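**Q** In this note's numbering, the protein residues as written are 1 to 495. Let me begin by handing over the structure; questions about it come next.
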Amino acid sequence: MHITYGVEAMAYQKHQQVVPVRWDSRTAVNGHCLLVGMSGAGKTFRLRQMIDQMSASAEQPIRFHVFDVHGDIELNNASSVLFSEQTRYGLNPLRIVPDPHFGGVRKSIQAFIATMNRVRVLGTKQEAVLRSLLNDIYTRNGFKAKDPSTWYVDERQAQLLSDGSDGRMYLDVPIEEKEDAKALGARWDSHLKCWYVALHDYNGPIERWPPKTTSRTHPTLADVLGMARYVLQKLFLGANVEALTHLQATNRAASALNRKLLKAHRQREANITDDAASQELLKAKQKAIDSYSEYVNNIQSGSELVDVLKYDSTEVLKSVIDRLENLNATGIFKSTTPPFDPSCPVWRYELSPLSLEERKLFVLFRLQELFNTAMQRGPQDHITDVIVLDEAHIYADDDPDNPINTIAKEARKFGVALICASQSPTHFTEDFIASVGTKIILGIDEMYWRSAVAKMRVSDRSLQWIKLKKSMLVQIKCNDDAQNRWLGVYTYPTN
Ligand SMILES: Nc1ncnc2c1ncn2[C@@H]1O[C@H](COP(=O)(O)OP(=O)(O)OP(=O)(O)O)[C@@H](O)[C@H]1O
Ligand SMILES: [Mg+2]
């Protein structure tokens with residue numbers, strides 16, 4: 001696989017010799033590339049050219065992941081998917097990597113929290129609460145932190161029991177909780193042997209039970225939110241599950257009574273009271289009082305509180321829910337996978353509808369996922385995946401665990417190449433710049449010259465020499481000559 005950037009300026013100027021400047025995957029130290037240039041210098045133009053040349057010269061199957069924030073990386077034969085709040089599909093940041101060495105529950109939780117922190121830092125207490133919530137949700141879905149055999153699920157098999165056309169949401173209710181489900185309005189389908197509610201009734205307390213699927217699935221962000229809201233209610237009311245359920249059943253009975261009374265009133269039968277509904281209400285009220293009393297009477301041991309204490313206080317939990325709700329509201333985290341065409345080598349993620357923060361979250365989660373998949377696949381002797389990040393400064397920072405830094409440093413052996421374009425080298429760490437095999441300067445604003453001179457070891461004179469779109473500086477580290485040698489290059493064809 002190769003890319004021709006242009007011709008060597010020195011040879012052309014002095015001897016009219018045409019010496020192509022070429023990156024070749026067989027000789028280059030790695031496939032990573034950093035492209036810096038001011039606005040309008042041709043970064044996006046160059047990225048497109050690089051992708052076209054790489055895919056045309058690839059000898060083995062290859063996949064490009066192009067993250068397009070401006071919607072201007074138009075490519076031949078690309079499978080493009082637009083990501084926005086409105087689309088049905090998205091990423092599931094809670095998907096577990098099943099590899100016993102590289103994956104698992106603990107790592108997944110760690111990665112989720114780290115990415116959230118990269119956008120806006122969580123407090124220590126918030127982090128602990130979020131960790132407890134995630135642990136609980138994984139346990140509920142059958143993933144055990146210490147048992148790698150539980151980390152694999154085949155999600156292609158997992159489907160909701162109903163596609164929604166029957167207006168029902170089937171629920172995954174454990175047998176010992178069936179009375180609670182019933183009290184909250186769930187009905188039993190004796191044919192499917194499953195509890196259900198009407199689709200539009202699947203909100204509030206009933207969300208405590210996830211939708212029933214044909215086989216086990218990874219939890220989703222919506223599942224975590226459902227559980228978090230339920231725990232908040234428990235904390236707020238200071239009640240255990242049973243007491244809470246009876247209280248909710250009381251509320252339901254009260255509204256049923258009100259509805260009936262209203263109906264009677266409309267029919268001008270205001271004097272008629274519905275005895276059955278009143279009885280039901282009284283019964284439900286008594287049940288709530290009994291279970292609250294029982295809960296309070298049993299509280300001396302304190303053990304009932306352990307379950308709730310790990311969630312700290314209502315304030316902390318509420319603030320975690322706010323963060324999760326914001327994350328969920330972005331609409332980029334959904335369990336349906338994006339409809340990319342698997343036969344297409346170029347996958348273009350169109351992110352222009354997303355806000356800056358959303359783009360960052362999306363790309364960082366996806367990069368982590370791509371890196372995990374590559375590690376799981378094991379070492380490769382050729383490039384199998386190319387990640388292309390235009391405006392890469394959005395995602396870069398100096399945390400060594402940022403997936404951009406990890407990929408630059410460690411992903412080469414797993415067949416991954418990272419191509420980043422940005423306006424200046426300021427946003428990238430020295431480690432990142434040192435790891436990248438190819439560097440290209442398309443012409444940068446004088447404001448960034450000092451950082452370029454220091455970070456990319458290039459001279460002021462060379463930077464001055466560049467003529468936008470006509471010439472550029474290129475440095476390609478090869479296996480037999482890994483020195484930092486900058487070449488002046490006339491863009492191809494020469495003019
Ligand atoms: N080497 C080149 N030869 C001819 N035209 C070029 C060249 N490089 C860039 N252009 C043209 O210049 C314009 C600006 O290029 P491009 O959009 O790639 O810049 P950019 O660096 O990505 O800018 P921004 O930072 O604003 O996104 C485009 O119309 C592009 O087609
Ligand atoms: Mg651009």
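Just so it is clear, CB atoms sit at the ideal spot from N, CA and C, and this is done for glycine as well. Keep in mind it's a predicted model, so treat the numbers as computed, not measured.
Quick one: is the Cβ of H70 within less than 7 Å of any heavy atom of ligand 2?
**A** Answer for H70: yes, Cβ within range of ligand 2.
**Q** Report, in whole angstroms, the separation of the C-beta atoms of I51 and V346, which I expect to be a contact under 8 Å.
**A** Going by Cβ atoms, the distance from I51 to V346 rounds to 6 Å, so yes, they are a contact pair.
**Q** From what residue to what residue does the beta strand (DSSP E) around T196 run?
**A** The question names Thr, yet the displayed sequence has Tyr at residue 196. Here the beta strand (DSSP E) through Y196 covers C194 to A198.
**Q** Measure how close the beta-carbons of D25 and I383 come, nearest whole angstrom, since I'm counting them as under 8 Å.
**A** One point to set straight first is that residue 25 is Ser, not Asp, in the sequence displayed. With a Cβ gap of about 6 Å, S25 and I383 count as contacting.
**Q** Using a Cβ-Cβ cutoff of less than 6 Å, which residues in the same chain neighbour T330 once the five nearest sequence positions on both sides are dropped?
**A** Hits under 6 Å: E358.
**Q** Quick check on I175: buried or exposed, where buried means 16 or more other Cβ atoms within 10 Å of its Cβ?
**A** So I175 counts as exposed.
**Q** Tell me whether K533 sits in a helix, a strand or coil according to DSSP, three-state version.
**A** What is shown of the chain runs 1 to 495, which leaves residue 533 out entirely.
**Q** For the beta strand (DSSP E) containing S422, list its first residue and its last residue.
**A** Its beta strand (DSSP E) spans residues V416 to S422.
**Q** Near C33, what residues of its chain come up, given a Cβ to Cβ distance below 6 Å and the 5 sequence neighbours on each side ignored?
**A** Contacts found: I419 and T438.
**Q** Quick one: does the C-beta of K467 sit closer than 7 Å to a heavy atom of ligand 1?
**A** No, the beta carbon of K467 sits no closer than 7 Å to any heavy atom of ligand 1.
**Q** Do you know offhand how far T214's Cα is from L282's?
**A** Whole-angstrom Cα-Cα distance: 39 Å.
**Q** Based on Cα-Cα distance, which residue from N135, D154 and V153 lies nearest to A145?
**A** Residue N135 is the option with its Cα nearest to A145.
**Q** Under 6 Å from any heavy atom of ligand 1, by CB: list those residues in chain order, please.
**A** Listed along the chain, these residues meet the criterion: G37, S39, G40, A41, G42, K43, T44, F45, K469 and T491.
**Q** Whole alpha helix (DSSP H) runs in the region 119-165 with 4 or more residues, listed along the chain?
**A** Segments of the alpha helix (DSSP H) lying fully in the region 119-165: 124-140.
**Q** Can you tell me the Cβ-Cβ gap for L324 and V436, rounded? I've got them flagged as a contact below 8 Å.
**A** About 35 Å; that fails the 8 Å criterion.
**Q** Answer yes or no: the CB of D390 versus the heavy atoms of ligand 2, is any distance below 7 Å?
**A** It does: the Cβ of D390 is within 7 Å (strictly closer) of some heavy atom of ligand 2.
**Q** If you follow the beta strand (DSSP E) that I387 is in, where does it begin and where does it stop?
**A** Its beta strand (DSSP E) spans residues D385 to L389.
**Q** Look up K439 in the DSSP assignment and say whether it is helix, strand or coil.
**A** Note: K439 maps to strand in three-state DSSP.
**Q** Please report the Cβ distance between A454 and F432, rounded to the nearest whole angstrom; I am assuming they are in contact, meaning their Cβ atoms lie under 8 Å.
**A** No, A454 and F432 are not in contact; Cβ-Cβ is about 14 Å, not under 8 Å.
**Q** From the DSSP output, in three-state form, read off G488 for me.
**A** DSSP places G488 in strand when its eight states are reduced to three.
**Q** Within 10 angstroms of the Cβ of T150, are there 16 or more other Cβ atoms? Answer buried if so, exposed if not.
**A** Classification of T150: buried, given that the 10 Å Cβ count is 16 or more.
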